[in-house]
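Trainee: Mapped onto the numbering used here, the consecutive letters of the sequence shown carry residue numbers 6 to 271.
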Amino acid sequence: MIFAFFILSTVAGKWLSASILLSILSYHSFYHISLLVPLIMYVHQKNSTEKKVLHITKLLSVVVVYFLATILLIVTSHKLIGSWHFLWSTYGCILSVPDLTPNIGLFWYFFTEMFEHFRIFFLWTFQLNIFVYTAPLAIRLRKEPIFLLFIQLIIITIFKSYPCIGDVAFYFSLLPMWSHLFHFMRQRFIVSCVLASCTLLAPTLWHLWIYSGSANANFYFAITLAFNTGQVFLLTDILSAFIKREYYLENGVKYEDGTLVLLRLQ
Numbered sequence: 006m007i008f009a010f011f012i013l014s015t016v017a018g019k020w021l022s023a024s025i026l027l028s029i030l031s032y033h034s035f036y037h038i039s040l041l042v043p044l045i046m047y048v049h050q051k052n053s054t055e056k057k058v059l060h061i062t063k064l065l066s067v068v069v070v071y072f073l074a075t076i077l078l079i080v081t082s083h084k085l086i087g088s089w090h091f092l093w094s095t096y097g098c099i100l101s102v103p104d105l106t107p108n109i110g111l112f113w114y115f116f117t118e119m120f121e122h123f124r125i126f127f128l129w130t131f132q133l134n135i136f137v138y139t140a141p142l143a144i145r146l147r148k149e150p151i152f153l154l155f156i157q158l159i160i161i162t163i164f165k166s167y168p169c170i171g172d173v174a175f176y177f178s179l180l181p182m183w184s185h186l187f188h189f190m191r192q193r194f195i196v197s198c199v200l201a202s203c204t205l206l207a208p209t210l211w212h213l214w215i216y217s218g219s220a221n222a223n224f225y226f227a228i229t230l231a232f233n234t235g236q237v238f239l240l241t242d243i244l245s246a247f248i249k250r251e252y253y254l255e256n257g258v259k260y261e262d263g264t265l266v267l268l269r270l271q
């Protein structure tokens, strides 16, 4: 619900409430700090006609309000609990991944099977996956900050240490916003089949492994790996569809006979 209100506030141009809501999301999970980039980009885009001093002041205000609200939430938690141990129980747990209970993510199996002396290297590699794509995507999608926010949500869902099915359901609920891209997607059938089959098979293999004892962890991990691969295919497909549509809008489309047709936004 907080996610939904954050997106609504962002689209409505209410940067103050959007900054506060994003701070609440970041307080819950530090991965969401990456969503500050599309928020700043959208505020910049919506207020680009204002005077330069006022425009820069508003952008800085977004950042300042976000960090002040986040600090206030953390300090309030410290006052209520009486110690800083909650930081390790929340952010430390998300970052170091001590709980390897099976879920729909990628971390649990890798770190169960991994030698301990490789753990820190792969831990940093896995965690940085969420943040390393933000800068190049922000440059490429600088004119579409809301689409960047959507893409970043998918990346967070795929690479976070403790994902849940609700994370997937949330960004799937936003897919109809980009229905104009479906025509340009090339892997719709493959992605649909992979995600549908994994959704059906995952509970079955979980039951066979945990309750019946007739399967092992490899069966369930194979399904989670296929499920996340399907999400990656969806991510790359919708990105390529966006770029393809953008190209056609600027350069037109050619029929098989070579006739040039220009697309127009209605």
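Backbone N, C-alpha and C define an ideal beta-carbon position, used for all residues, glycine too. Bear in mind the structure is a predicted one, so any value in this text is a computation, not a measurement.
Secondary structure at residue 68, three-state DSSP: helix, strand or coil?
Mentor: Start at 1 with the first residue of the sequence shown, and residue 68 comes out as number 63. Helix.
Trainee: Contact between the stretch 11-20 and the stretch 40-48 is defined here as three or more beta-carbon pairs at a separation below 8 Å; is this criterion met?
Mentor: Yes, they touch.
Trainee: Can you check DSSP and say which residues form a bridge with residue 102?
Mentor: As a position in the sequence shown, residue 102 is number 97, starting the count at 1. The partner list for residue 102 (beta bridge, DSSP) is empty, contrary to what the question assumes.
Trainee: What runs of the alpha helix (DSSP H), each 4 residues or longer, lie entirely inside the stretch 96-173?
Mentor: Counting only runs of 4 or more, we get 98-101, 112-118, 124-137, 139-145 and 150-164.
Trainee: Going by beta carbon distance, what residues of the same chain come within less than 7 Å of residue 3, once the five residues before and after it are set aside?
Mentor: The chain is shown from 6 up to 271; residue 3 falls before or after that span and cannot be answered.
Trainee: Hey, residue 189 and residue 246: beta-carbon distance below 8 Å or not?
Mentor: Stepping through the sequence shown from its first residue, residue 189 is reached at position 184. Stepping through the sequence shown from its first residue, residue 246 is reached at position 241. Going by C-beta atoms, residue 189 is nearer than 8 Å to residue 246.
Trainee: Answer yes or no: do residue 196 and residue 239 have a C-beta to C-beta separation smaller than 8 Å?
Mentor: Within the sequence shown, the letter at position 191 stands for residue 196. Within the sequence shown, the letter at position 234 stands for residue 239. In this structure, residue 239 lies closer than 8 Å to residue 196 by Cβ.
Trainee: What separation, rounded to the nearest whole angstrom, lies between the Cα atoms of residue 160 and residue 62?
Mentor: If you number the sequence shown from 1, residue 160 lands on position 155. If you number the sequence shown from 1, residue 62 lands on position 57. When rounded, the distance between both Cα atoms is 30 Å.
Trainee: Provide the residue span of the alpha helix (DSSP H) that contains residue 204, from first to last.
Mentor: Sequence index remark: in the sequence shown, residue 204 carries index 199 (1-based). Element bounds for residue 204: 193-211.
Trainee: Excluding five sequence neighbours on each side, which residues of the same chain lie with their C-beta closer than 8 Å to the C-beta of residue 60?
Mentor: Here the question's residue 60 lines up with position 55 in the sequence shown. Only 49, 52 and 53 meet the Cβ criterion.
Trainee: Should residue 102 and residue 166 be called a contact, given that it needs their Cβ atoms to be closer than 8 Å?
Mentor: The sequence position of residue 102 within the sequence shown is 97, counting from 1. The sequence position of residue 166 within the sequence shown is 161, counting from 1. Yes, the Cβ-Cβ distance between residue 102 and residue 166 is below 8 Å.
Trainee: What does a CB cutoff of less than 8 Å around residue 217 pick up in its chain, not counting 5 residues either side in sequence?
Mentor: The residue you call residue 217 lines up with position 212 of the sequence shown. Excluding positions up to five away in sequence, the list is empty.
Trainee: Please determine, among 71, 95 and 244, the residue with the shortest C-alpha to C-alpha distance to residue 191.
Mentor: Indexing the sequence shown from 1 puts residue 191 at position 186. Closest option to residue 191, Cα to Cα, is 244.
Trainee: Can residue 27 and residue 11 be called in contact, C-beta distance under 8 Å?
Mentor: Sequence index remark: in the sequence shown, residue 27 carries index 22 (1-based). Sequence index remark: in the sequence shown, residue 11 carries index 6 (1-based). Cβ distance < 8 Å, so residue 27 and residue 11 count as in contact.
Trainee: What is the rounded straight-line gap between the Cα of residue 175 and the Cα of residue 8?
Mentor: Looking up residue 175 in the sequence shown gives position 170. Looking up residue 8 in the sequence shown gives position 3. So the alpha carbons of these two residues sit roughly 9 Å apart.
Trainee: Exposed or buried, which one is residue 201 when buried takes at least 16 other CB atoms within 10 Å?
Mentor: Taking the first residue of the sequence shown as 1, we reach residue 201 at position 196. Exposed is the call here.
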